[in-house]
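Each residue of the sequence shown is one higher than the last, beginning at 0 in numbering that gives the first Met the number 0.
One structure is given below, encoded as structure tokens.
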Amino acid sequence: MNVRSALPAKKEKIFLELQERERKSMKSALCLISTVFVFFFFLSPASPAQEQYGNLRGVVVDKDGAPLPGVSLVLESAKYGLRTTVTSEAGIFRFINITPSIYTLKCELPGFKTYIQESLDIRVGSNFNLRIVMELAVLQEEVTVKAESPVVDTKKTSAGVNVTQEALQEIPSARDPWVILQQVPGILMADENVGGSRSGIQTLFYSKGTDYESAMWNMDGIPITDRTSMGSSFYYDFDSFEEINITTGGQDATVQTPGVSINFITRRGGNRFQGMARFYFANDDLQADNRTEELAELGYMGDQIDQMLDYGFQLGGPIIKDKLWFWLGFGVQDSRRLTITGYPTQYQLYNYNAKLNVQLSSKNRAELALYIPRKSAYGRYAGPFNPPETTLDQKDDGTVYIKLEDEHIFSPDFLLSLKLSYLNSAFEMYPQGGLDAQAGYDLVTGMMSGTNSYGFAKHPNYDAKLDGNFFSDRLLGGTNELRFGLEYLRSKGHGFIRDPGDIWKYYRNGSPFLGYVEREQNRQAHLDHFSFYLTDSFTTGRLTLNLGLRGDYQKPWIDASPVEASLSAPDLLPALTSPAVDPGFVFFTLSPRIGFTFDLTGDAKTMLRGNIARYSDRLGNYVTDLINPAQFAGAGYFWKDLNGDDRITTNELRGYPLDGLLDWYGFDPWNPTALETPNAIDENLKSQLTDEILVAVEREMFADFSLAGTLTLRRMHRFTWEVMYDKETNTKITQEDFIGPVSGSLIYEGRTYNYEYWYLNQYRPAGSFMENAPDRQRDFSSVEVTAAKRLSHGWMLNASFAYQWDKFSYGEKGFIDPTNIKINDAATVGIWMAKLNFLFELPWGLAFSGFANARQGYNLGEQIVADTPERAATGLGAYFYLDTVQPGAKRLPDFVNVDLSLSKKLRLKSYGSLVLEVDAFNIFNSSHTLGRYNLANSPDYGQITKILNPRVIRLGIKYQF
Numbered sequence: 000m001n002v003r004s005a006l007p008a009k010k011e012k013i014f015l016e017l018q019e020r021e022r023k024s025m026k027s028a029l030c031l032i033s034t035v036f037v038f039f040f041f042l043s044p045a046s047p048a049q050e051q052y053g054n055l056r057g058v059v060v061d062k063d064g065a066p067l068p069g070v071s072l073v074l075e076s077a078k079y080g081l082r083t084t085v086t087s088e089a090g091i092f093r094f095i096n097i098t099p100s101i102y103t104l105k106c107e108l109p110g111f112k113t114y115i116q117e118s119l120d121i122r123v124g125s126n127f128n129l130r131i132v133m134e135l136a137v138l139q140e141e142v143t144v145k146a147e148s149p150v151v152d153t154k155k156t157s158a159g160v161n162v163t164q165e166a167l168q169e170i171p172s173a174r175d176p177w178v179i180l181q182q183v184p185g186i187l188m189a190d191e192n193v194g195g196s197r198s199g200i201q202t203l204f205y206s207k208g209t210d211y212e213s214a215m216w217n218m219d220g221i222p223i224t225d226r227t228s229m230g231s232s233f234y235y236d237f238d239s240f241e242e243i244n245i246t247t248g249g250q251d252a253t254v255q256t257p258g259v260s261i262n263f264i265t266r267r268g269g270n271r272f273q274g275m276a277r278f279y280f281a282n283d284d285l286q287a288d289n290r291t292e293e294l295a296e297l298g299y300m301g302d303q304i305d306q307m308l309d310y311g312f313q314l315g316g317p318i319i320k321d322k323l324w325f326w327l328g329f330g331v332q333d334s335r336r337l338t339i340t341g342y343p344t345q346y347q348l349y350n351y352n353a354k355l356n357v358q359l360s361s362k363n364r365a366e367l368a369l370y371i372p373r374k375s376a377y378g379r380y381a382g383p384f385n386p387p388e389t390t391l392d393q394k395d396d397g398t399v400y401i402k403l404e405d406e407h408i409f410s411p412d413f414l415l416s417l418k419l420s421y422l423n424s425a426f427e428m429y430p431q432g433g434l435d436a437q438a439g440y441d442l443v444t445g446m447m448s449g450t451n452s453y454g455f456a457k458h459p460n461y462d463a464k465l466d467g468n469f470f471s472d473r474l475l476g477g478t479n480e481l482r483f484g485l486e487y488l489r490s491k492g493h494g495f496i497r498d499p500g501d502i503w504k505y506y507r508n509g510s511p512f513l514g515y516v517e518r519e520q521n522r523q524a525h526l527d528h529f530s531f532y533l534t535d536s537f538t539t540g541r542l543t544l545n546l547g548l549r550g551d552y553q554k555p556w557i558d559a560s561p562v563e564a565s566l567s568a569p570d571l572l573p574a575l576t577s578p579a580v581d582p583g584f585v586f587f588t589l590s591p592r593i594g595f596t597f598d599l600t601g602d603a604k605t606m607l608r609g610n611i612a613r614y615s616d617r618l619g620n621y622v623t624d625l626i627n628p629a630q631f632a633g634a635g636y637f638w639k640d641l642n643g644d645d646r647i648t649t650n651e652l653r654g655y656p657l658d659g660l661l662d663w664y665g666f667d668p669w670n671p672t673a674l675e676t677p678n679a680i681d682e683n684l685k686s687q688l689t690d691e692i693l694v695a696v697e698r699e700m701f702a703d704f705s706l707a708g709t710l711t712l713r714r715m716h717r718f719t720w721e722v723m724y725d726k727e728t729n730t731k732i733t734q735e736d737f738i739g740p741v742s743g744s745l746i747y748e749g750r751t752y753n754y755e756y757w758y759l760n761q762y763r764p765a766g767s768f769m770e771n772a773p774d775r776q777r778d779f780s781s782v783e784v785t786a787a788k789r790l791s792h793g794w795m796l797n798a799s800f801a802y803q804w805d806k807f808s809y810g811e812k813g814f815i816d817p818t819n820i821k822i823n824d825a826a827t828v829g830i831w832m833a834k835l836n837f838l839f840e841l842p843w844g845l846a847f848s849g850f851a852n853a854r855q856g857y858n859l860g861e862q863i864v865a866d867t868p869e870r871a872a873t874g875l876g877a878y879f880y881l882d883t884v885q886p887g888a889k890r891l892p893d894f895v896n897v898d899l900s901l902s903k904k905l906r907l908k909s910y911g912s913l914v915l916e917v918d919a920f921n922i923f924n925s926s927h928t929l930g931r932y933n934l935a936n937s938p939d940y941g942q943i944t945k946i947l948n949p950r951v952i953r954l955g956i957k958y959q960f
């Protein structure tokens, strides 16, 4: 059978099946969404997802402090027209869900001077509270004041930042969201993107005890997280962003998880035509050389940019003034670079975006948005351990995002918003080594060889959100803002993976060691996620209390899935069609939230904040892989290359198929045709929980400048694990079933390494059982100090310092196999980080800006790989990677990097402006070591695997009007 021709044909067949299922599923999903909408519309109000808007509230009084009812208020922006309201009997007014912009507020009441407040800068998530004093008038008069927008939010209980348009455009960055995350207090990135050196790759990150899998990715308030990879579903045109709102803790009940919450606010058209075009360029001629003597001796080139292009345009404006607006955009990022060993790689991002906004009436507005991202990658994963033949070429297979939103104001006290969206992320990855070679990996040197896996994926998502606000000024002697919400998400994870020839080879320092025969995976997983939230924000005097409750119901299942027989071992891994599977469990979690703010000084300039929260984790589509008969499956044996051709056949595998079995996964070797897996999931399985306490103090030191200190305490618990399991007898392997320790030592390069491991008192059962692990917990605490100066008077600044502690504990019952546990049951020593970004507007249209980032060096660790014959004899594998030092005992050097930018704006009178820009990344041309190979009994031990990219100059030109 020719694998090269068979796989694309297999893909086409599966896609046709998926499309037919998707058509049927789409009908049922839309029917369910419609039912949910009708039910919820008539039975309850909901909370306006304020993730993409700001809010303006206040009270109007006379000079004696008496409230003034019936005051007419008009809020107007040059971009987005006007909104009106009237004060209540208590003199209170509200403008909710305001599109971010600069506004003017006008207040009128017969017999009083007209009051005008200008330059109200409304940002995403901002909550302005104004106290307006109107004076009696003898003649028709106006009083105009220029607003000093407060920098201290009197209702905010969360930790995070709002990244404004000025920061996005002026602070030097590689122009993707992951480098923006790096500028946020409390977030650590796993890698460094120097002027585009990692653009097109999703950089992993860590914040307050959570990683990227807990992050919530949103666009204009709609979730766009990929529920299979748990990362972002696609890549972005950076200039399509108006603002980015990022929260790292203290989230209210609208947010499910404890991870970083990212919300992209995309541009929209207004009453004025606006546009911009950009072109950025960098190449090797604009790049320095930061190779050290150590790298030169290894013959390494160092990580480099070969060429980077970034270009595109954005255009928007009115179709019908005050009624109908449009926005269009197109952007390209094309990045060619070389890895530390000189291997080439290229990432290309093409993005198209469009938006239509309509004011249907004075009380109703709607929005339709379309986003089409396309990604191509050549040489993905290239690096010192991945030569070109083991890299992957990736192409997009039809990713698209569509959103429809409608918002209606029923009264000054009641508002509803409905959002519907469809998102499909689809791609294919093909190994450069082809599908006829066999892939290999060296356990000692870490080197890949031969080729790599082939795969394609399609992840469609359907989402419906209904949100709203209801206000009362008379309940319990204060003002109440009731927020309600309901959301339904149907997510699918369709994925196909196959290793060429269904073989994977393992070497030990170049010599054949193990061989694995395998069978393809055809995942067709589904997930239904219902959620609701209810919050009440109660304000009396200086105190605001926020009470909230969130509920999440998550139900996974699997469609019937065919898989072909293994090409290498069809007798052991035959073809089968797995039936649809219901795993028999659901996650239903209630998450309470309690928060408060208190005005310590009575002038809204010094706020004490607190928040107590419980968060739950999301289910991923992959959770049902364990019980999917069509999951990736394989079996391992000792391999002896009898004919010296460096290709595995089953006659070269010792004891094939059962007598020499060392390890297996994804099937029952003693019942390989079974349409039911030997695995099981606890019907009482529950989601992981995180409990949090946050306390903060923030003070406005002077106009537009604030200082804040935040203490965060977290405990993560109710983790899940998989234990070895005999389904026939319904018994699980426990600690008591392990024998040991077996002590050993090895000498390498004159150094002795002592180690110990445990093995089973019986042969490993065929199955695994997923359940909640007892005793395990992770404790996190941090202290953050931040300073923020909003852009005014020609300068802007954001600075932060964080110190944090993170400890994972197993307890007495939080592990089954004692191997390696003691050395990992330890604290990661305190990690510190400091960040600074700034902008200074200079005379003659010049602007100078920069970003500085410093942190403690990351954990390096040290391991050995040791033979474990006793474990092999009981089905636990022939080798084990054992840690030799505790986490934090060995670290990479502390890290410091600085990026700077200088720009010149040329004003073209009524034709807009032209900006010339020079950005310098890694300004000191540092060669920070970002990775070393840490396997102590390898000839490559200590070898540098990655360094900071050298200084590179990027030239840019922007036209805007």
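We treat Cβ as the ideally placed atom computed from N, Cα and C, and that holds for glycine.
- The stretch 190-204 and the stretch 920-940 touch, with no fewer than 3 CB-CB distances between them shorter than 8 angstroms.
- For Gly53, the closest alpha carbon among the candidates Gly208, Gln273, Glu242 is that of Glu242.
- Taking C-beta atoms as the reference points, Gln51 and Asp219 count as a pair closer than 7 angstroms.
- Here Phe718 carries a coil assignment [DSSP, helix/strand/coil].
- Boundaries of the alpha helix (DSSP H) around Asn823: 820-823.
- In this structure, DSSP gives Thr623 a helical state, which the three-state scheme calls helix.
- Shown here, Leu203 sits in coil according to DSSP, grouped into three states, outside any helix or strand.
- Leu294: member of the alpha helix (DSSP H) spanning 292-297, first to last residue.
- Burial is judged here by how many other beta carbons sit within 10 angstroms of a residue's own beta carbon; Thr600 has fewer than 16 and is exposed.
- By the Cβ-count criterion, Leu929 is buried, with 16 or more other Cβ atoms from all chains shown falling within 10 Å of its own Cβ.
- Looking at the DSSP output, Arg653 bridges to nothing.
- Phe701 counts as exposed, since fewer than 16 other C-beta atoms from the protein chains shown sit within 10 angstroms of its C-beta.
- DSSP places Ser213 in the helix class (H, G or I) of the three-state scheme.
- Secondary structure note for Arg870: it is in no beta strand (DSSP E), and the uninterrupted alpha helix (DSSP H) holding it is 868-872.
- Between the C-alpha atoms of Ala287 and Ala381 there is a straight-line separation of about 22 angstroms.
- Listed as beta-bridge partners of His458 by DSSP are Ser424.
- Boundaries of the alpha helix (DSSP H) around Ala166: 164-169.
- The alpha carbon of Phe631 has as its nearest neighbour, out of Tyr621, Ile680, Asp640, Gly665, the alpha carbon of Gly665.
- In this structure, Leu618 places its C-beta atom within 7 angstroms of the C-beta atom of Phe586.
- In the three-state reduction of the DSSP assignment, Thr648 falls in the coil class.
- The beta-carbon distance between Arg775 and Gly743, rounded to whole angstroms, is 28 angstroms. This is too long to meet the 8 angstroms contact definition.
- Collapsing the DSSP output to three states places Tyr747 in a strand.
- Restricting attention to Phe409, Gly484, Ser118, Ala166, the CA atom closest to the CA of Pro149 is found in Ser118.
- Judged by DSSP secondary structure, Gln116 falls outside any alpha helix (DSSP H) and instead within the beta strand (DSSP E) spanning 113-121.
- It is roughly 6 angstroms from the alpha-carbon of Phe512 to the alpha-carbon of Phe637.
- Thr672 sits exposed, since fewer than 16 C-beta atoms from the chains shown fall within 10 Å of its C-beta.
- Assignment of Pro387 by DSSP, reduced to helix, strand and coil, places it in the helix class.
- Here Gly844 carries a helix assignment [DSSP, helix/strand/coil].
- C-alpha of Thr256 to C-alpha of Arg549: approximately 11 angstroms in a straight line.
- According to the DSSP assignment, Val178 belongs to no beta strand (DSSP E) but to the alpha helix (DSSP H) extending over 176-181.
- Note: Phe272 is not bridge-paired with any residue in the DSSP secondary-structure output.
- DSSP places Leu913 inside the beta strand (DSSP E), whose first and last residues are 912-920.
- Taking the C-beta atoms as reference points, Lys418 is found nearer than 7 angstroms to Lys464.
- The beta carbon of Leu607 sits closer than 6 angstroms to those of Phe597, Leu599, Val696, all from its chain and outside the five residues before and after it, given in chain order.
- Cβ-Cβ separation between Pro555 and Leu526: approximately 5 angstroms, consistent with a contact (criterion under 8 angstroms).
- Proximity to Thr265 across Ile318, Leu835, Pro99 peaks at Pro99, based on C-alpha coordinates.
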